[in-house]
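Below is one structure, written out as C-alpha cells, with a few remarks after it.
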Amino acid sequence: ELTNQLHQGWLKARALKQQELERDYSGAVVGVGRAQRDAAAMGNATAKKQRARELAIEKFDADLSALERHETALAKEFDRLDETEAAYFVAADRRVSARALADKTREDMRAKAAAFADSEEGRRKKLVESLIAETDARIAQPTRRGRAMAAATFKDTHFNDLVV
607 ELTNQLHQGW
617 LKARALKQQE
627 LERDYSGAVV
637 GVGRAQRDAA
647 AMGNATAKKQ
657 RARELAIEKF
667 DADLSALERH
677 ETALAKEFDR
687 LDETEAAYFV
697 AADRRVSARA
707 LADKTREDMR
717 AKAAAFADSE
727 EGRRKKLVES
737 LIAETDARIA
747 QPTRRGRAMA
757 AATFKDTHFN
767 DLVV
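Start counting the sequence shown at 607; every next residue gets the next number (this note's numbering).
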C-alpha cells in the first residue's frame with residue numbers, strides 16, 4: 607500500500623512537471639532551447655526509471671499469481687489424496703487401536719493370572735497339578751521312555767490286566 611501511495615504521488619508530480627514543461631515549450635519562440643533539452647533528457651531518464659518500476663511490479667505480480675496458482679494446485683492435490691487415502695488412514699487407526707486393545711488385554715490377563723497364582727486358590731491349584739503330574743510320572747505310565755516294560759515287572763500288581 608505504501609509503495610502504491612508513493613507511486614501515485616510520483617505520477618501526480620510527473621503530471622505537474624509535464625504541465626510545466628508544456629508551458630515552457632509553448633513559451634519558447636526560438637528552436638530547441640536549453641530548458642527543452644534538459645526537460646527532454648529528464649523525461650528519458652524518468653521514463654526509463656518508470657518503465658523499470660512498472661516491469662518490477664509486473665514481475666512481482668506474475669510471481670505472486672504463479673505462487674497462488676501453485677498453492678491452489680497443492681491444496682487440490684492434498685484434498686484428492688485425503689479423499690483417496692482416507693480409507694487407509696481409517697484402517698491404520700483401527701489396526702493401531704486393535705493392537706493397543708490386545709496389548710492391554712494381555713497385560714490385564716497377566717496381572718489376573720499373577721494375582722490368581724498368589725491367592726490361596728491358585729496355590730492349591732498348583733499343588734494339585736504337581737501331585738497329579740507326580741502320580742502320572744510314578745504309576746500311570748507303564749513304559750519307560752516309550753519302551754514297553756517286561757510283563758514280569760507288573761506281576762501281582764493292579765497293572766496285570768492292562769499289560770499284554
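Ideal placement from N, C-alpha and C gives every residue a C-beta, glycine not left out.
The structure displayed is predicted, hence computed values, not measured ones.
Nearest-angstrom Cβ-Cβ length linking residue i and residue j, presumed shorter than 8 Å
i	j	result
LEU627	ALA645	5 Å
When the options are compared against residue i, the one with the closest alpha-carbon
i	options	result
ILE663	ALA693, ASN610, GLU677, ARG620	ASN610
Where residue i falls: helix, strand or coil (DSSP)
i	result
SER725	coil
GLU607	coil
ILE745	coil
LEU612	helix
LEU622	helix
Residue burial classification, residue i (beta-carbon count within 10 angstroms, cutoff 16)
i	result
VAL770	Residue placement at VAL770 cannot be trusted, given a pLDDT of 44 that sits under 50; what the coordinates show is reported in the next sentence. By the neighbour-count rule (16 or more Cβ atoms within 10 Å), VAL770 is not buried but exposed.
Interface flag, residue i vs chain C, CB-CB below 8 Å
i	result
GLU660	Of the protein chains in this structure there is only one, and it is not chain C.
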